[in-house]
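As structure tokens, the structure follows; a few thoughts come after it.
This is the structure we're talking about:
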């Protein structure tokens with residue numbers, strides 16, 4: 003691989019561009035022209051045929067050599083750096099636009115900001131951002147007003163010595179004296195748990211390595227439970243009990259998951275009496291229970307696991323409330339006395355199964371049951387008085403919005419904390435009186451500059467897919483720049499996997515597109531649960547292609563209905579949404595001017611055949627197990643990497659992180675190399691690798707804005723919008 007001359011040439015250009023703080027027009031033209039010359043010489047990866055055979059079928063992977071689990075191979079790193087240099091050169095002419103966009107994005111953010119305090123125990127907890135700090139500072143106070151604030155964790159101080167830094171699972175002991183938190187300095191989502199004495203500000207000697215970052219305290223204030231990860235597959239599979247002041251090697255194994263299709267979580271009941279170990283696959287779930295008062299307790303499964311049975315429990319007094327799909331595709335709510343919970347025959351219906359309404363979750367108070375449900379794509383919250391049975395729905399005026407509950411830790415409360423946003427309404431926190439339904443706005447995200455929600459409009463429409471199914475689409479645009487004449491550039495976003503529903507939310511960054519005439523659309527395609535659980539089931543396993551077909555059909559409909567100009571349609575997706583981008587690029591490349599694929603899962607078959615790759619076995623229920631021929635053939639038929647063909651492709655910007663734990667960097671690296679070899683067009687194919695970050699991208703709030711500015715500049719430039 004001969005990338006050195008290319009890299010040196012690019013570095014020379016960068017130096018040349020930096021010699022004069024105010025280069026004249028002629029010099030700028032020379033720099034841009036030199037970058038253009040480099041642009042005709044993209045990195046060309048060598049081919050080393052690697053043969054893979056199964057089910058009588060043989061595939062040749064010419065770029066398998068790019069896999070380096072240690073991320074230290076000089077040849078691989080050299081290739082990735084060359085791709086970065088090429089991308090920088092190809093986008094050099096957009097640097098001014100990128101800078102302008104970054105300043106816009108940053109300029110809308112209130113630098114000094116505080117979250118709404120949440121009460122937990124005797125304290126109110128919140129987070130703060132200040133000035134140009136990249137990270138939050140966590141504080142607490144004895145009252146909501148914050149009159150005696152105490153800093154409990156300044157992430158900016160912790161992050162100083164690291165290129166990447168993330169904290170997870172802040173959890174304070176029941177007596178309020180100690181706080182556990184996880185830290186990740188590599189971006190592999192493997193956390194070391196630290197324990198901080200909040201009275202002295204000092205760390206205890208205890209450090210718990212190789213965890214998923216979350217803990218639960220027992221009620222003695224010196225025992226905690228945590229989940230340990232398999233460092234190869236990255237699956238959390240063991241629950242340990244740790245006693246403060248003892249080495250991690252002495253920790254007691256409390257629970258071990260032997261089925262690699264399951265993952266785990268831990269939590270505590272709202273009344274602090276029980277600790278729960280959650281075990282879930284993509285098709286089944288359950289819980290094991292321990293006493294929070296007995297530090298020698300052994301976990302007991304509520305019921306034995308069953309294929310395709312999902313349930314979760316919430317405790318109120320001596321009763322479990324159970325959200326379950328037992329005889330209910332869209333889930334129902336049941337309840338049972340705790341001492342009779344092990345027999346499903348004792349479970350009693352509270353909210354019955356409904357064909358067109360999906361029960362999404364509940365929140366319990368001593369006097370109220372709050373439940374969230376979704377009908378025709380819209381999620382709503384309803385409060386029920388447990389004594390009178392009277393119900394109060396919470397209503398908002400937007401055509402499509404996102405609503406959820408959070409921070410409701412007090413069983414005795416008659417107030418519900420709610421989060422609300424829409425594509426035109428910034429993130430808002432409300433307190434809701436459960437007796438009356440009256441809402442009190444506590445805070446709405448402040449958008450600096452000249453933002454006015456009245457300048458924008460959002461819509462929820464349904465379009466017909468090729469099989470007759472109606473697919474919901476959420477749209478937003480700036481009123482004075484949208485004529486519905488088929489002249490606006492349009493960015494269509496999608497995900498469509500794992501049952502994850504991409505509800506419409508506000509984005510201050512997105513305003514930079516809308517204010518330049520873009521329409522933004524979310525295609526709520528199958529594979530999510532936008533229209534209930536069947537919407538998910540119809541977009542996974544052997545029906546996965548519905549996800550891709552829906553996205554393509556939404557694009558065609560939006561052009562036909564003149565929401566976007568047919569020669570200015572862009573698509574964006576990340577992770578499993580990156581798989582969507584790859585499949586759509588293979589199926590209908592002519593529809594898109596450009597695509598942005600972030601951390602894309604594109605080598606589906608090879609990854610799912612390799613149980614050593616993180617999270618593989620846990621996802622057989624989502625994609626299928628290619629060791630079975632039927633699934634192998636179906637997955638192969640849509641796998642973006644395997645289906646690259648000799649055809650024209652859209653302009654593409656592909657991004658990844660070297661340390662990505664969810665989608666390994668070598669998947670997009672191989673995909674880009676193969677696309678370069680096969681594609682028959684002269685469109686841009688750019689690959690940007692963050693050599694420090696992982697699946698979630700950069701860890702700092704402003705560094706993330708730089709990434710967004712790059713993505714936007716790529717699309718705006720292609721759309722001919724350079725202002």
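Numbering (the working numbering), first residue to last: 3 to 725. Backbone N, C-alpha and C fix where the C-beta goes; we use that ideal spot for every residue, glycine too. It should be emphasised that the depicted structure is a prediction, and the values quoted were computed from it without experimental measurement.
In this structure, DSSP gives residue 280 an extended state, which the three-state scheme calls strand. For residue 357, the number of other beta carbons within 10 angstroms of its own is below 16, and it is reported as exposed. For residue 340, DSSP assigns no beta-bridge partner whatsoever.
Closest in alpha carbon position to residue 433, among 418, 445 and 425, is 418.
DSSP places residue 719 in the helix class (H, G or I) of the three-state scheme. For residue 411 and residue 370, the gap between their C-alpha atoms comes out near 13 Å. When the beta-carbon positions are compared, residue 245 and residue 511 stay at least 8 Å from each other. Distance between residue 440 and residue 148, taken at the CA atoms: about 25 Å. Membership of residue 585 in any beta strand (DSSP E) is not indicated; the residue belongs instead to the alpha helix (DSSP H) covering 578–589. DSSP places residue 595 outside both helix and strand once states are collapsed to three, so it counts as coil. Here residue 642 is not near residue 658, since their CB atoms are 8 Å or more apart.
Straight across, the Cα-Cα distance linking residue 343 with residue 349 is about 7 Å. When the five nearest sequence neighbours on each side are left out, the beta carbons in the same chain lying within less than 8 Å of the beta carbon of residue 633 are those of 543, 544, 625, 626 and 627, in order along the chain. Apart from the 5 residues on each side of it in sequence, residue 448 sits with its Cβ closer than 7 Å to the Cβ of 112 in its chain, given in chain order. For residue 676, the enclosing alpha helix (DSSP H) starts and ends at 668–680.
By the Cβ test, the stretch 675–693 is not in contact with the stretch 611–620, since fewer than three Cβ pairs between them sit closer than 8 Å. In this structure, the beta-carbon distance from residue 401 to residue 460 falls below 8 Å. Between the stretch 120–138 and the stretch 464–476, the count of Cβ pairs shorter than 8 Å is below three; the stretches do not touch. Residues 320 of the same chain have their beta carbon placed closer than 8 Å to that of residue 341, with the five preceding and five following residues left out of the count. Around the Cβ of residue 56, a 10 Å sphere holds fewer than 16 other Cβ atoms; the residue is exposed. Across the set 255, 194 and 83, the C-alpha of 194 shows the shortest separation from the C-alpha of residue 169. Burial state of residue 239 is buried, judged by a 10 Å Cβ sphere holding 16 or more other Cβ atoms.
Of the other Cβ atoms in all chains shown, 16 or more fall within 10 Å of the Cβ of residue 515; this residue is therefore buried. The beta carbon of residue 503 sits closer than 6 Å to those of 530, 531 and 532, all from its chain and outside the five residues before and after it, given in chain order. Annotation for residue 178: 123, 124, 125 and 200 place their beta carbon closer than 8 Å to its own, counting only its chain and skipping 5 residues before and after.
For residue 519, the three-state secondary structure derived from DSSP is coil. Unbroken beta strand (DSSP E) runs of no fewer than 3 residues, entirely contained in the stretch 527–586, are found at 571–576, following chain order. A contact is defined here as three or more CB-CB pairs under 8 Å, and the stretch 558–574 meets this definition with respect to the stretch 479–497. If you draw a straight line from the Cα of residue 88 to the Cα of residue 677, it comes to about 15 Å. By the CB criterion at 8 Å, residue 110 and residue 450 fall inside the cutoff.
Between the beta-carbon of residue 279 and that of residue 266 there is about 6 Å, and that keeps the pair under the 8 Å contact cut. In summary, residue 198 is buried, with 16 or more beta-carbon neighbours lying within 10 Å of its beta-carbon over all protein chains present. For residue 244, the three-state secondary structure derived from DSSP is strand.
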